[in-house]
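In my numbering, the protein residues as written are 1 to 137.
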């Protein structure tokens with residue numbers, strides 16, 4: 001899934017990244033709809049949609065605009081412009097940002113082990129990417 005998508009976006013040529021992302025996202029609808037119908041059933045889906053709160057719709061909006069269009073749009077733009085070996089290690093920062101954001105925005109605890117885990121991820125990125133600017137290619 002994700003790795004194949006990275007390879008496709010890397011070699012797709014000159015395209016509008018946001019349009020490409022929007023159109024390629026349509027391929028997720030049939031299997032997701034099939035699984036929702038299979039596991040939840042049409043009545044439950046309709047009831048959930050009709051009675052969804054403003055908070056639930058704001059989550060859908062964030063997933064659509066924030067994560068998909070902005071997050072993957074920026075990711076795909078970087079992947080399209082730079083070598084995959086330089087860009088893909090930064091995906092390791094996702095849990096660091098997630099834990100930090102949930103702590104700052106939602107007041108979730110940030111125990112010592114999360115701080116240590118974040119520091120280890122950062123150290124790994126520094127070791128992996130730190131000397132790249134000095135190498136001749």
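Glycine included, every Cβ here is placed at the ideal spot set by N, Cα and C. Since the structure is predicted, the reported quantities are computational estimates derived from the model, not experimental observations.
In this chain, the alpha helix (DSSP H) harbouring residue 9 covers 2-11.
Under the Cβ criterion (8 Å, minimum of three pairs), the segment 84-104 does not count as touching the segment 31-42. Of the candidates 106, 121, 55 and 109, the residue whose Cα lies closest to the Cα of residue 91 is 121.
For residue 110, the three-state secondary structure derived from DSSP is coil. Rounded to whole angstroms, residue 76 and residue 17 show a C-alpha spacing of 7 Å. Residue 9 is classed as buried because its beta carbon has at least 16 other beta carbons within 10 Å across all chains shown. In its chain, beyond the 5 residues on either side, 99 have a beta carbon closer than 6 Å to the beta carbon of residue 114.
Around the beta carbon of residue 21, a 10 Å sphere encloses 16 or more other beta carbons of the protein chains shown; the residue is thus reported as buried. Ranked by Cα distance from residue 126, the options 112, 106 and 93 are led by 93. Remark: C-beta atoms of residue 79 and residue 6 approach each other more closely than 8 Å.
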